[in-house]
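Asker:
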Amino acid sequence: MSVTIKMNVIRREEWGALPGKGLEPMDLPIKHVLFSAENEFQYCLDEQECTHSVRSIQKHYLDKGLEDIPYNFIVGNDGNVYEGRGWNNKPGPDVQKDPSFKNNPTLDIGVICGHKEITPDKMDLVRSAFQLAEDFVKFGIQEKKVEADYEFEGFSDDVKAPDEPSLNDKLEADFEEFALKHPDYFPIMSKQILEKRAKAQLEQAAA
Numbered sequence: 001m002s003v004t005i006k007m008n009v010i011r012r013e014e015w016g017a018l019p020g021k022g023l024e025p026m027d028l029p030i031k032h033v034l035f036s037a038e039n040e041f042q043y044c045l046d047e048q049e050c051t052h053s054v055r056s057i058q059k060h061y062l063d064k065g066l067e068d069i070p071y072n073f074i075v076g077n078d079g080n081v082y083e084g085r086g087w088n089n090k091p092g093p094d095v096q097k098d099p100s101f102k103n104n105p106t107l108d109i110g111v112i113c114g115h116k117e118i119t120p121d122k123m124d125l126v127r128s129a130f131q132l133a134e135d136f137v138k139f140g141i142q143e144k145k146v147e148a149d150y151e152f153e154g155f156s157d158d159v160k161a162p163d164e165p166s167l168n169d170k171l172e173a174d175f176e177e178f179a180l181k182h183p184d185y186f187p188i189m190s191k192q193i194l195e196k197r198a199k200a201q202l203e204q205a206a207a
């Protein structure tokens with residue numbers, strides 16, 4: 001017997017979003033899922049703090065010339081999911097310009113991860129946020145917004161020094177190990193991570 005997943009989604013009007021402009025509609029169901037570590041803003045531990053953070057994130061991107069917050073949804077550290085562009089609009093231009101996603105419905109979930117460096121005492125907080133992001137994807141499948149056999153595309157890139165791993169690289173490595181240790185919780189992701197690693201090993205052996 002399947003369990004109904006319930007999510008607390010804070011709508012745009014509830015967190016005080018400014019209107020978006022020129023958003024492109026997106027066909028459903030969604031085939032690709034992308035997690036983006038949002039590291040320009042500090043952790044938020046309750047709805048009041050997270051509402052302020054999400055408004056600040058939107059302002060940050062509007063000031064940079066984007067038409068709206070780039071994410072379809074944003075996961076806070078308070079257990080809530082905040083509506084960004086929503087299910088029916090394509091994510092921001094950084095995702096759309098990638099040939100892999102340009103013509104494929106893609107869900108970009110921003111996860112608030114704090115400023116740049118994640119200290120060990122905050123890693124559990126970040127992992128919990130990514131677990132919530134995974135729960136939200138399962139919720140999307142339940143609601144027929146996401147295909148059951150969706151493809152997890154990993155993490156979006158962020159700015160990094162040439163010889164230094166980016167925050168997303170570090171998060172992705174940590175998250176992959178975490179997902180592989182909990183395959184019942186991350187069945188699709190853990191399977192795809194193993195397939196990706198096997199493919200990389202074959203390519204390395206053939207080089």
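Sequential numbering of the sequence shown, starting at 1, is according to UniProt numbering. Heads up, the beta-carbon is just placed ideally off N, CA and C, and yes, glycines get one too.
Could you tell me how far apart the beta carbons of residue 270 and Asn89 are, in whole angstroms, since I believe they sit closer than 8 Å?
Answerer: Nothing about residue 270 can be reported from this structure: the residues present for the chain run from 1 to 207 only.
Asker: My understanding is that Cys44 touches Asp78, with C-beta atoms under 8 Å, so please give their C-beta distance in whole angstroms.
Answerer: Confirmed, Cβ separation roughly 6 Å.
Asker: Which residues in the same chain as Leu202 place their Cβ atom closer than 6 Å to its Cβ, once the five residues preceding and following it in sequence are excluded?
Answerer: Excluding positions up to five away in sequence, the list is empty.
Asker: Return the CA-CA distance between Ala129 and Lys59, expressed in angstroms with no decimal places.
Answerer: Each residue's Cα considered, the two are about 22 Å apart.
Asker: Quick check: Thr106 and Glu38, are their CB atoms within less than 9 Å of each other?
Answerer: Not a contact, by the Cβ cut-off of 9 Å.
Asker: DSSP three-state label for Gly20, please.
Answerer: Three-state DSSP puts Gly20 in coil, outside helix and strand.
Asker: Would you list, in sequence order, the uninterrupted alpha helix (DSSP H) runs of no fewer than 4 residues that lie entirely inside the stretch 16 to 71?
Answerer: Within the stretch 16 to 71, the complete alpha helix (DSSP H) runs of at least 4 residues are 47 to 63.
Asker: Comparing C-alpha positions only, which one of Lys144, Glu24, Arg85, Leu62 sits nearest to Phe73?
Answerer: Per the Cα distances, Arg85.
Asker: Can you give the Cα-Cα distance for Val81 and Ala206, rounded to whole angstroms?
Answerer: So the two alpha carbons sit approximately 43 Å from each other.
Asker: Looking at the unbroken beta strand (DSSP E) that takes in Glu83, where does it start and where does it end?
Answerer: Element bounds for Glu83: 81 to 83.
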